[in-house]
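Before any comments, here is the structure.
2 protein chains.
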Amino acid sequence: WQQREVQLATLNQLPAETQDGKHILLGANIEVPEETDAVIAHGADGIGLFRSEFLFMQPGGVSDEEQQYEAYTRVVKSVEGKPVTIRTLDVGGDKAIPGFEQHSEKNPILGWRAVRFCFSRTDLFKIQLRAILRASVHGDLRIMFPMISGVEEVDRALELLEEARSECREKGQPFNEDIPVGIMIEVPSAALTSDILARKVDFFSIGTNDLIQYTIAVDRGNERVAYLYEPFHPGVLRLIKMVIDNAHSAGIPVNMCGEMAGDPIATVILLGMGLDVFSMSSFSIPEVKQIIRSTSMMEAEELVGEIMEMKSYREIDEHVRGWMNAGYNLEGYTG
Amino acid sequence: WQQREVQLATLNQLPAETQDGKHILLGANIEVPEETDAVIAHGADGIGLFRSEFLFMQPGGVSDEEQQYEAYTRVVKSVEGKPVTIRTLDVGGDKAIPGFEQHSEKNPILGWRAVRFCFSRTDLFKIQLRAILRASVHGDLRIMFPMISGVEEVDRALELLEEARSECREKGQPFNEDIPVGIMIEVPSAALTSDILARKVDFFSIGTNDLIQYTIAVDRGNERVAYLYEPFHPGVLRLIKMVIDNAHSAGIPVNMCGEMAGDPIATVILLGMGLDVFSMSSFSIPEVKQIIRSTSMMEAEELVGEIMEMKSYREIDEHVRGWMNAGYNLEGYTG
Ligand SMILES: [Mg+2]
Ligand SMILES: [Mg+2]
Numbered sequence: 078w079q080q081r082e083v084q085l086a087t088l089n090q091l092p093a094e095t096q097d098g099k100h101i102l103l104g105a106n107i108e109v110p111e112e113t114d115a116v117i118a119h120g121a122d123g124i125g126l127f128r129s130e131f132l133f134m135q136p137g138g139v140s141d142e143e144q145q146y147e148a149y150t151r152v153v154k155s156v157e158g159k160p161v162t163i164r165t166l167d168v169g170g171d172k173a174i175p176g177f178e179q180h181s182e183k184n185p186i187l188g189w190r191a192v193r194f195c196f197s198r199t200d201l202f203k204i205q206l207r208a209i210l211r212a213s214v215h216g217d218l219r220i221m222f223p224m225i226s227g228v229e230e231v232d233r234a235l236e237l238l239e240e241a242r243s244e245c246r247e248k249g250q251p252f253n254e255d256i257p258v259g260i261m262i263e264v265p266s267a268a269l270t271s272d273i274l275a276r277k278v279d280f281f282s283i284g285t286n287d288l289i290q291y292t293i294a295v296d297r298g299n300e301r302v303a304y305l306y307e308p309f310h311p312g313v314l315r316l317i318k319m320v321i322d323n324a325h326s327a328g329i330p331v332n333m334c335g336e337m338a339g340d341p342i343a344t345v346i347l348l349g350m351g352l353d354v355f356s357m358s359s360f361s362i363p364e365v366k367q368i369i370r371s372t373s374m375m376e377a378e379e380l381v382g383e384i385m386e387m388k389s390y391r392e393i394d395e396h397v398r399g400w401m402n403a404g405y406n407l408e409g410y411t412g
Numbered sequence: 078w079q080q081r082e083v084q085l086a087t088l089n090q091l092p093a094e095t096q097d098g099k100h101i102l103l104g105a106n107i108e109v110p111e112e113t114d115a116v117i118a119h120g121a122d123g124i125g126l127f128r129s130e131f132l133f134m135q136p137g138g139v140s141d142e143e144q145q146y147e148a149y150t151r152v153v154k155s156v157e158g159k160p161v162t163i164r165t166l167d168v169g170g171d172k173a174i175p176g177f178e179q180h181s182e183k184n185p186i187l188g189w190r191a192v193r194f195c196f197s198r199t200d201l202f203k204i205q206l207r208a209i210l211r212a213s214v215h216g217d218l219r220i221m222f223p224m225i226s227g228v229e230e231v232d233r234a235l236e237l238l239e240e241a242r243s244e245c246r247e248k249g250q251p252f253n254e255d256i257p258v259g260i261m262i263e264v265p266s267a268a269l270t271s272d273i274l275a276r277k278v279d280f281f282s283i284g285t286n287d288l289i290q291y292t293i294a295v296d297r298g299n300e301r302v303a304y305l306y307e308p309f310h311p312g313v314l315r316l317i318k319m320v321i322d323n324a325h326s327a328g329i330p331v332n333m334c335g336e337m338a339g340d341p342i343a344t345v346i347l348l349g350m351g352l353d354v355f356s357m358s359s360f361s362i363p364e365v366k367q368i369i370r371s372t373s374m375m376e377a378e379e380l381v382g383e384i385m386e387m388k389s390y391r392e393i394d395e396h397v398r399g400w401m402n403a404g405y406n407l408e409g410y411t412g
């Protein structure tokens, strides 16, 4: 183990490149600006998911536009020019925010969350959008909208962003006119219409935690049924592949920022499906990088070809673990 | 309106046949045996969904095997040889059953429901399966398992059914050895793997109420977000078409028993997608039958071809309503 730690540390300066030369980007997921040191230390290529909820949970209440602008600026300046993707407020579901109007919901995961909430609180939403726009002059900042379910919601989000742009212009506040705008694909209906949505935005980010919950109709926090939550369910894998294929047909890249992106057992499969950016906890980056550097796209694609023919998650899981053990001798990942 | 009532009444003796001669089956959904009079009176071709929950909510508690056997027998005998599809216990979600161990769940719709519950209470489940098997000698009875999410659950349900068969054999109780066995397709992962599942069962029944909730990640009982619940979301329509196509490739028929099956605005679309059985409240049967009898498969398929190219539910909804108004003058359906 000690030897492996040393090995992983030296990895930080090396790119996540497959044996046959495909360069993969490894992003970090962060919750607060203080995490950017770890991001750099673990060799991330940027921040693939900057959760903005903390700004709405400050001791003094919701951060105002200046406070948000400063927080976004601080993060984008601290990562040495690397890209930072900010997810707009993702309140609701399992993420209650104190002080916000509480609405008692029978099924919060299927409820008033994220953009659904923001579209009815455009005052709050536009403060955030303006703060992000203004911070975008300080580095490679990107905007990402969570819980998009269809094209109407993309249109509405882009419309509000356009209003925020106009407001910045009116006040003479500079911003990056070409700031990349993406959406999270975490609702099955968005995945199923990803060919349509891909023409509207600059990138996708697959949120596997929610996508899997909805696709299999299971609350993974419910111990009675959590056993059904299975990233290797063939229905989930087909959906992920569909999203990646549709994005690439439209010429846009795909990030993944759910836990699956940092799971070493899933790395080769996602690689073989063509995922462009893997975004995860900083601490998972070295292990995933090591697997990517030990694998060729050819063998990853071959593995995907094999598992896409399989009928159950058990069959797929066993096959992938067997393949990993045979090729890598990385029993730490597959135990 | 009076004239229309008379018109609809005379329809009851006529088949649900399109202008170009395709015969569609119209089933009724019932909750208690007492509804079978209405089933016959409204010209249903059988019972497409016999909900069995009432048997678990009797004043005296859960019905025993004899009581269930009698109830199933009564229904199958009362419909003049027509098929009756019994859905096995679909407890949980929005259907709490008094007296059952209550498990407080944060998101019951994504929780311990239907077969998920039955697989951990195989005692109760097998009583129901034996009662259905025994009643199957009295008519055209069929079994349907709700909330299937993948192939493991189909295998487990079939295994328990096989045990129930053995138990009947041991007791010398006769049953129909060829009783048709189907599954509900109401979880996106089941729809997405319907090609695999179709090889395991005799029929599908699409449960649109849940399928739409999961696909769009929306609790339709939550007034804050119910506006997102949209049967014409292109993601939903693609999923339904995928299920029908996969079933037909495997040579099995598809029923639909969600509210969408009884919605006159959806009739022509479902017809054009090739749906074999429409199952709905008895009272909706005449109107849906009238639409089917006024439509040709050719024009229905053409309409489906048009809407499958569209990008949003609004566009699809407007197109279908316009088409209906132009062709049918049935403003009652489209207002
Ligand atoms: Mg999410
Ligand atoms: Mg259901």
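Line by line, the protein sequences give chains A and B. Take 78 as the starting number for the first sequence in this note's numbering and just add one per residue. Take 78 as the starting number for the second sequence in this note's numbering and just add one per residue. All residues carry an ideal CB built from backbone N, CA and C; glycine is no exception.
Quiz item: CB Ala377(A) to CB Leu348(A), shorter than 7 Å?
Solution: yes
Practice problem: Select from the segment 307 to 335 of chain B all residues with a C-beta closer than 7 Å to any C-beta belonging to chain A, and list them in chain order. | Solution: His310, Pro311, Gly312, Val313, Arg315 and Leu316
Practice problem: Express the C-alpha separation of Met337(B) and Thr285(B) in angstroms, rounding to a whole number. | Solution: 6 Å
Quiz item: What is the DSSP secondary structure of Asn89(A), reduced to helix, strand or coil?
Solution: coil
Quiz item: Where does the unbroken beta strand (DSSP E) through Met261(A) begin, and where does it stop?
Solution: Val258 to Ile262
Quiz item: Taking the alpha carbon of His310(B) as the point to measure from, which residue in Ile289(A), Arg151(A) and Val228(A) has its own alpha carbon closest?
Solution: Val228(A)
Quiz item: Just how far apart, CA to CA, sit Thr150(B) and His215(B)?
Solution: 6 Å
Self-check item: Where Leu91(A) falls, given that 16 or more other Cβ within 10 Å makes a residue buried
Solution: exposed
Exercise. Whole angstroms is fine: what's the gap from Ile273(B)'s alpha carbon to Ala115(B)'s?
Key: 37 Å
Practice problem: Taking C-beta pairs closer than 8 Å, name the residues in chain B that Lys172(A) reaches, listed in chain order. | Solution: What Lys172(A) touches in chain B: nothing, since even the nearest Cβ is about 13 Å away.
Quiz item: What three-state label does DSSP hand Thr411(B) in the structure shown?
Solution: Annotation note: pLDDT 44 at Thr411(B) (below 50); position unreliable, no value reported.
Quiz item: For ligand 2, is there a heavy atom less than 6 Å away from the beta-carbon of Glu239(B)?
Solution: no
Quiz item: Which residues, in order along the segment 183 to 209 of chain B, keep a beta-carbon less than 7 Å from a beta-carbon of chain A?
Solution: Lys183, Asn184, Pro185, Ile186, Leu187, Gly188, Trp189 and Arg193
Practice problem: May I ask you to check if the CB of Glu263(A) is nearer than 6 Å to at least one heavy atom of ligand 1? | Solution: yes
Quiz item: Is there contact here, the segment 130 to 140 of chain B with the segment 153 to 160 of chain B, by at least three beta-carbon pairs under 8 Å?
Solution: no
Practice problem: Output the boundary residues of the beta strand (DSSP E) element that contains Phe355(A). | Solution: Val354 to Met357
Quiz item: In three-state DSSP terms, what is Arg301(B)?
Solution: coil
Self-check item: Check whether Leu210(B) and Ala241(B) have beta carbons under 7 Å apart
Solution: yes
Self-check item: Residue span of the alpha helix (DSSP H) that contains Ser243(A), given as start and end
Solution: Val228 to Glu247
Quiz item: Counting pairs of beta carbons, one from the segment 330 to 345 of chain A and one from the segment 353 to 363 of chain A, are three or more of them closer than 8 Å?
Solution: yes
Quiz prompt | Proximity to Val302(A) [Cα-Cα], best of Trp400(B), Ser226(B) and Phe281(B) | solution = Ser226(B)
Quiz item: What are the boundary residues of the alpha helix (DSSP H) that includes His325(B)?
Solution: Pro311 to Ser326
Quiz prompt | Bridge-paired residues (DSSP) for Thr162(A) | solution = Arg219(A)
Exercise. Use the C-beta contact count for Gly412(A): other C-beta atoms within 10 angstroms, 16 or more gives buried, fewer gives exposed.
Key: For Gly412(A), the pLDDT reaches just 39, beneath the cut-off of 50, and the residue's location in the model is therefore unreliable, leaving the point undetermined.
Exercise. Under 8 Å by Cβ, that's how I've got Pro414(B) and Arg164(B) pegged, so tell me the actual separation to the nearest angstrom.
Key: This structure does not reach residue 414(B), given that chain B is present from 78 up to 412, and the question cannot be answered.
Quiz prompt | Ser282(A) to Gly259(A) span [Cα, whole Å] | solution = 7 Å
Exercise. Could you name the residues of the same chain whose beta carbon sits closer than 7 Å to that of Glu142(A), not counting the 5 residues immediately before and after it, in chain order?
Key: Ile204, Arg207 and Ala208
Quiz prompt | Interface residues of chain B facing Asp394(A) [CB-CB closer than 9 Å] | solution = Simply none; closest approach about 12 Å.
Practice problem: Give every residue of the same chain whose Cβ lies closer than 7 Å to the Cβ of Asp279(A), excluding the five residues on either side of it in the sequence, and list them in chain order. | Solution: Pro257, Val258, Gly259 and Ile329
Self-check item: Where the beta strand (DSSP E) containing Phe127(A) begins and where it ends
Solution: Ile124 to Arg128
Exercise. May I have the straight-line CA-CA distance separating Glu408(B) from Ser271(A), to the nearest angstrom?
Key: Its pLDDT being 49, under 50, Glu408(B) is placed unreliably in this model, and the coordinates cannot settle the point.
Self-check item: Heavy atom of ligand 2 within 6 Å of Asp287(B) beta-carbon
Solution: yes
Practice problem: Could you check if Met375(B) is buried or exposed, using at least 16 other CB atoms within 10 Å of its CB as the buried criterion? | Solution: exposed
Quiz item: When DSSP labels each residue in this structure, what does Met224(B) get in the three-state scheme?
Solution: coil
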